[in-house]
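K.L.:
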Amino acid sequence: MTAALTVYSATFMRYSLAVTPQNYLLFACHFINECSQLTQGYRFVNWHYWGGKEKAAQGALADVKDKVVEAGEKVQAAVSK
Numbered sequence: 001m002t003a004a005l006t007v008y009s010a011t012f013m014r015y016s017l018a019v020t021p022q023n024y025l026l027f028a029c030h031f032i033n034e035c036s037q038l039t040q041g042y043r044f045v046n047w048h049y050w051g052g053k054e055k056a057a058q059g060a061l062a063d064v065k066d067k068v069v070e071a072g073e074k075v076q077a078a079v080s081k
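The sequence shown: position 48 = 48 (UniProt numbering), numbered continuously.
#1: Counting pairs of Cβ atoms below 8 Å between the region 2-22 and the region 35-45, do you hit three or more?
#2: What does a CB cutoff of less than 7 Å around Phe-31 pick up in its chain, not counting 5 residues either side in sequence?
#3: Distance check for Ala-18 and Lys-55, CA to CA, integer angstroms please.
#4: Does residue 86 come out as helix, strand or coil in the three-state DSSP assignment?
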């Protein structure tokens, strides 16, 4: 869907300026949509193909390790009392 909307927005950006009188508001709407779709496409490729999933998993693993160490310290402090 993102690819289709990217092509659609690019095409109609051109047509919004080709009509007489030129429709700058329509051009702006399609320009914003084009930028949004390109951003979504980048996010999709980054997540699925450029290691986004693995980076998120590593970050979550590091958070869990930190929490385990913190919990261990609390247990040690409670037991030593």
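A virtual CB, placed ideally from N, CA and C, is assigned to each residue, including glycine.
P.N.:
In terms of the structure at hand:
#1: yes
#2: Met-13
#3: 45 Å
#4: Given that the chain is displayed from residue 1 to residue 81, the structure contains no residue 86 and the question cannot be resolved.
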